[in-house]
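A.B. asks: Mind looking over this structure? Questions follow.
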Amino acid sequence: MIGAVAYRLAALCLLAAPLIGGAAQAEADPCETVHLPKALEASLRQTNTAEQFQQALTEIDGQVSRCPDHPWLNMMGALMDMRAYDVLVRGNNNQVNQSAVDYLIRAYGRSSKYIAVQSEDRQDRFGVQAGAQRGNLTYSAAADNRKAIITALMQIAKLGTVHPYLAAEAPPACNGWIASDSQTVAYAMKTEADLIFRPFLEAAAKSCSTDQTRKNDTPAGALAYSYTNLVRTGAITDPAQVRDLLLAARAARDTYFEMNHGQFGILLSKITSGELDSQLRKHGVDPQAGLLPRDQWFAGKRMSGDEVNFTLAWTLSDTWAGLAAEMAAGTKTLAEAGTAYTNFVSGIVAEGRAAGLEAETRAAILFALTNVQESRTRAHTMDGYDLPPPWLFDMLKKVYGPQKAEE
1 MIGAVAYRLA ALCLLAAPLI GGAAQAEADP CETVHLPKAL EASLRQTNTA
51 EQFQQALTEI DGQVSRCPDH PWLNMMGALM DMRAYDVLVR GNNNQVNQSA
101 VDYLIRAYGR SSKYIAVQSE DRQDRFGVQA GAQRGNLTYS AAADNRKAII
151 TALMQIAKLG TVHPYLAAEA PPACNGWIAS DSQTVAYAMK TEADLIFRPF
201 LEAAAKSCST DQTRKNDTPA GALAYSYTNL VRTGAITDPA QVRDLLLAAR
251 AARDTYFEMN HGQFGILLSK ITSGELDSQL RKHGVDPQAG LLPRDQWFAG
301 KRMSGDEVNF TLAWTLSDTW AGLAAEMAAG TKTLAEAGTA YTNFVSGIVA
351 EGRAAGLEAE TRAAILFALT NVQESRTRAH TMDGYDLPPP WLFDMLKKVY
401 GPQKAEE
């Protein structure tokens, strides 16, 4: 009983509040003056028994049927349908039956009707009179319920019943809930079984990146995040699938950047982008992903920039990994590996000197060597190998660090 009441209160955001008068023109509309208050009153009513719940459900259904296009009545109907879905699933040993699915499908339809109305006609309402009580109707409640609907649709899809919307049987328009639905789907994709939702994510990303009047970067960002995460966590291991997902993620990232003038955002952060590059390198899809070509290290002011700092550290780590592999195979001694590593570092400093950037190069070398030694930057090829010995690190930073240039 307590759980049902808490769910109802949280979902509807029905908080005690002062009455705010409605617009005069709405007074003549029975959907506003009669059916909305009745539905809200039924939603507020405590339902401690199955009979009470059924009565409230029937009353709300009746009000929605009288005003089938009213956004807030559809929102309340969708919320009540999801309550019915949850009740039926819990009452069936947490198994989904056809009756539960029917309520879920209706909740989806009503939720879609809510968002299809112009935004000015579904602005939040506070202190709405409902019998002896007053309550609030908010977009956030509708959005939370929509997330629950999509999550439930994903659950039954993995049981074999894929809703046409998630199957992308028809190309989705870039409007309504498409952006938030894409985010819900993307964040919920954790296993190989979730790849059944690829058509939806990719159709949404395509629609919202090509629609000239309603562009939205969320689907592309969500896709890039989701596919990167599936590979990063090891949920997908088949090489062909890994390659396919990473290439799709990179294409989506490129689209996201194009839409945002090269800027990162909440959905596609610098961290996620870096992880995508890391996976592209790790799985051999693009060994140079995210790395600045060596012939550009000494161009302009790049030697003191983040791109070179990361690239240089990753290159040093990868170089040592190759030497460590040779030591493990018995084809090189530690002394020989140390000499080769030193020569590699020395060569970079020599290039910087030739470019007139010796001081900047030495500073970058020290920064990169330190990042490698402290494992802040670690090439995937280093897996299973030890870091360069401390004595080698100490010698390199003393000889090739900025102190040498200042003497």
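Residue numbers (the UniProt record's numbering): 1 to 407. We treat Cβ as the ideally placed atom computed from N, Cα and C, and that holds for glycine.
(1) Tell me which residue opens and which closes the alpha helix (DSSP H) that residue 313 is part of.
(2) I'd like to know if the region 107 to 127 and the region 38 to 57 are in contact, where contact means that at least 3 CB-CB pairs between them fall below 8 Å.
(3) Please state the DSSP three-state secondary structure of residue 334.
(4) Which two residues bound the contiguous alpha helix (DSSP H) that contains residue 296?
(5) If contact is defined by three or more beta carbon pairs under 8 Å, each pair taking one atom from either stretch, is the region 230 to 242 in contact with the region 196 to 207?
(6) According to DSSP, residue 428 sits in a beta bridge with which residue or residues?
(7) Using CA atoms only, rank isn't needed, just tell me which of 62, 55, 87 and 45 is closest to residue 35.
(8) Which residue comes first and which comes last in the alpha helix (DSSP H) that contains residue 468?
(9) Report the three-state DSSP secondary structure of residue 168 (helix, strand or coil).
(10) Please name the residue or residues paired with residue 205 in a DSSP beta bridge.
(11) Is it a yes or a no for the region 311 to 326 touching the region 363 to 372, going by three-plus beta-carbon pairs under 8 Å?
(12) Which of the three DSSP states, helix, strand or coil, is assigned to residue 26?
(13) Along the chain, where does the alpha helix (DSSP H) containing residue 177 start, and where does it finish?
(14) Keeping to the same chain, check which residues put their C-beta closer than 7 Å to that of residue 84; ignore five residues upstream and five downstream.
(15) What is the DSSP secondary structure of residue 130, reduced to helix, strand or coil?
(16) According to the neighbour-count rule (16 or more other Cβ atoms, all chains shown, within 10 Å of its Cβ), is residue 172 buried or exposed?
(17) Beta-carbon within less than 7 Å of residue 409's beta-carbon, same chain only, minus the 5 sequence neighbours each way: which residues are those?
(18) Using beta-carbon positions only, say whether residue 272 and residue 225 come within less than 8 Å of one another.
(19) So is residue 284 buried or exposed if we call it buried at 16+ other beta carbons inside 10 Å?
(20) What separation, rounded to the nearest whole angstrom, lies between the Cα atoms of residue 341 and residue 351?
(21) Looking at the ligand MG, does it come within less than 7 Å of residue 114, judged from the CB to the closest heavy atom?
(22) Since I believe residue 245 is in contact with residue 280 (beta carbons under 8 Å), could you give me their beta-carbon distance rounded to a whole number of angstroms?
(23) In angstroms, rounded to a whole number, what distance separates the CA positions of residue 449 and residue 155?
(24) For residue 308, tell me which candidate among 290, 324, 323 and 358 has the shortest Cα-Cα distance.
(25) Excluding the 5 residues preceding and the 5 following residue 326 in the sequence, name in chain order all residues of the same chain whose CB lies nearer than 6 Å to its CB.
(26) Do the region 297 to 304 and the region 249 to 258 meet, that is, are 3 or more Cβ pairs less than 8 Å apart?
(27) Are the CB atoms of residue 126 and residue 166 nearer to each other than 8 Å?
(28) To the nearest angstrom, how far is the alpha carbon of residue 381 from that of residue 162?
(29) Excluding the 5 residues preceding and the 5 following residue 145 in the sequence, name in chain order all residues of the same chain whose CB lies nearer than 8 Å to its CB.
(30) Pick from 240, 256 and 237: whose alpha carbon is nearest that of residue 218?
C.D. replies: Reading off the structure:
(1) Working through the sequence shown from its first residue, we reach residue 313 at position 313. From DSSP, the alpha helix (DSSP H) with residue 313 extends over 306 to 329.
(2) Too few Cβ pairs lie closer than 8 Å, so no.
(3) Position 334 of the sequence shown, counted from the start, is the residue given in the question as residue 334. Helix, per DSSP.
(4) Locating residue 296 in the sequence shown gives position 296, counting from the first residue. It is not in any alpha helix (DSSP H) - residue 296 carries neither H nor E in the DSSP assignment.
(5) no
(6) The displayed coordinates of the chain run from 1 to 407. Any statement about residue 428 would go beyond what the structure contains.
(7) The residue given as residue 35 occupies position 35 in the sequence shown. Residue 62 is the option with its Cα nearest to residue 35.
(8) Past the boundaries of the shown model lies residue 468; the chain is included only from 1 to 407, so the question cannot be answered.
(9) For the purposes of this step, residue 168 is identified with residue 168 of the sequence shown, where counting begins at 1. Correct three-state label for residue 168: coil.
(10) Here residue 205 refers to the residue found at position 205 when the sequence shown is read from its first residue. Beta-bridge pairing links residue 205 to no other residue.
(11) Touching, yes.
(12) Within the sequence shown, numbered from 1, the residue matching residue 26 stands at position 26. Annotation note: pLDDT 42 at residue 26 (below 50); position unreliable, no value reported.
(13) Position 177 of the sequence shown, counting from 1, holds the residue named residue 177. Taken as a continuous stretch (DSSP letters only), residue 177 belongs to no alpha helix (DSSP H), as it is neither H nor E.
(14) Counting from one through the sequence shown, the residue named residue 84 turns up at place 84. Around residue 84: 57 and 103.
(15) As a working note, residue 130 is residue 130 in the sequence shown. In this structure, residue 130 counts as strand in the three-state DSSP scheme.
(16) Within the sequence shown, numbered from 1, the residue matching residue 172 stands at position 172. Buried is the call here.
(17) Since the first residue shown for the chain is 1 and the last is 407, residue 409 is missing from the structure and cannot be characterised.
(18) Along the sequence shown, one-based indexing puts residue 272 at 272. Along the sequence shown, one-based indexing puts residue 225 at 225. It is a contact, given that the beta carbons lie within the stated cut-off.
(19) In the sequence shown, the residue the question calls residue 284 occupies position 284. Exposed, since its Cβ has fewer than 16 Cβ neighbours within 10 Å.
(20) On the sequence shown, position 341 is the one that residue 341 refers to. On the sequence shown, position 351 is the one that residue 351 refers to. Rounded to the nearest angstrom, the two C-alpha atoms are 16 Å apart.
(21) The ligand MG is absent from the structure shown, which contains no ligands of any kind.
(22) On the sequence shown, position 280 is the one that residue 280 refers to. On the sequence shown, position 245 is the one that residue 245 refers to. About 11 Å; that fails the 8 Å criterion.
(23) Outside the shown range of the chain (1 to 407) lies residue 449, about which nothing can therefore be said.
(24) Along the sequence shown, read from residue 1 onward, the residue named residue 308 stands at position 308. That would be 290, whose Cα lies nearest to the Cα of residue 308.
(25) Locating residue 326 in the sequence shown gives position 326, where the first residue counts as 1. Result list for residue 326: 332, in chain order.
(26) Contact between the region 297 to 304 and the region 249 to 258 is absent, because fewer than three Cβ pairs lie under 8 Å.
(27) By 1-based counting over the sequence shown, the position of residue 126 is 126. By 1-based counting over the sequence shown, the position of residue 166 is 166. Going by C-beta atoms, residue 126 is not nearer than 8 Å to residue 166.
(28) Here residue 381 is taken as the residue at index 381 of the sequence shown, counted from 1. Here residue 162 is taken as the residue at index 162 of the sequence shown, counted from 1. Distance between the alpha carbons of residue 381 and residue 162: 41 Å.
(29) The sequence position of residue 145 within the sequence shown is 145, counting from 1. Answer for residue 145: 11, 75, 78, 79, 82, 107 and 111, listed in chain order.
(30) The sequence position of residue 218 within the sequence shown is 218, counting from 1. Answer by Cα proximity: 256.
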